[in-house]
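Take the sequence shown: its letter number 150 is residue 154 in this note's numbering, and every next letter is one higher.
For each residue, glycine too, the CB sits at the ideal point set by N, CA and C.
Computed from a predicted model, the values in this text were never measured in an experiment.
Remarks on the structure that follows.
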Amino acid sequence: NAATAGELILLPGGTAGQGEDILMHPEHERSLLDRARVRVEAYHAANPRKAAMPREELRSQIHGIDEARVFHALCDRWVSTEDLQGDERGLALPGFEVHLDDSFLRLAEALEAQLAAAGATPPTLGEIRAAFPGALLDEALAHLVNKERLVRVAPDLAFHRDAVDRIRTRVIAHLETQGTVTTQDLKE
């Protein structure tokens, strides 16, 4: 039985109105939301230290949404209706909070302290792995990047936020007085 126009959900067609709008039956939308909530809940159970399930990971697990623009329009709707929380990167259940145990917090604090002390010459990821062996290192790095305490500049290199800010200040000051900057200028 076909739904009348008043019974359909209108989803914006894409970013900044690009693309055609999408009409969806509310029961289909609710079914997709229920499946999304189950997947996000399972993600939280398996990843209690991660704030949100990446959208694309969720999309790969929900069958019945073929087009990316439809999936993202649904995600935007679910966030706006507070059925889920999140942003363009990931989604979480409403009220979900990251749970960081004491050992994880100690690891993150020690890692941040080492990178803060290293300043403009941080260790490589390999050197960090040698100093901090264990399965939680990648999660601790991701946590500190997410909290904007570390800045990843390459897959194998991260700086402490304070070091990046100091470097930026030096580069700007040098440019204001000299007009140009070379890598040699930065080393001095």
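- According to the DSSP secondary-structure assignment, Arg156 is paired through a beta bridge with Ala162.
- For the beta strand (DSSP E) assignment, the uninterrupted runs of no fewer than 3 residues enclosed by the segment 14-84 are, from N- to C-terminal side, 26-28.
- In the structure shown, Leu88 falls within a coil segment according to DSSP collapsed to helix, strand and coil.
- In the DSSP assignment, Thr128 forms a beta bridge with Leu161.
- For Ser107, the closest of Trp82, Asp91 and Gly138 by C-alpha to C-alpha distance is Gly138.
- According to DSSP, residue pairing for Leu95 in a beta bridge involves Met57 and Gly90.
- With a cutoff of 8 Å on beta-carbon distance, Leu104 and Leu145 are scored as not near each other.
- Rounded to whole angstroms, Ala124 and Glu143 show a C-alpha spacing of 23 Å.
- With respect to the 8 Å criterion, Leu97 and Val44 are classified as neighbours on the basis of their beta carbons.
- Leu36 sits close to Ile69, with the two beta carbons spaced by under 8 Å.
- Sequence-distant partners of Arg165 (beyond 5 residues in either direction) whose C-beta falls short of 8 Å from its own C-beta, in its chain, are Glu152, Arg153, Leu154 and Val155.
- For Phe108, the enclosing alpha helix (DSSP H) has its first and last residue at Asp106 to Ala122.
- Secondary structure of Thr187 (DSSP, three-state): helix.
- Boundaries of the alpha helix (DSSP H) harbouring Val149: Leu141 to Asn150, taken from the DSSP string.
- Contact check between the segment 39-57 and the segment 76-94: three or more CB pairs, one atom from each, fall below 8 Å, which counts as touching.
- Going by beta carbons, Thr128 and Leu78 fall outside the 8 Å limit.
- When the alpha-carbon of Ser84 is set against those of Phe136, Asp189, Leu15 and Thr187, the nearest one is in Leu15.
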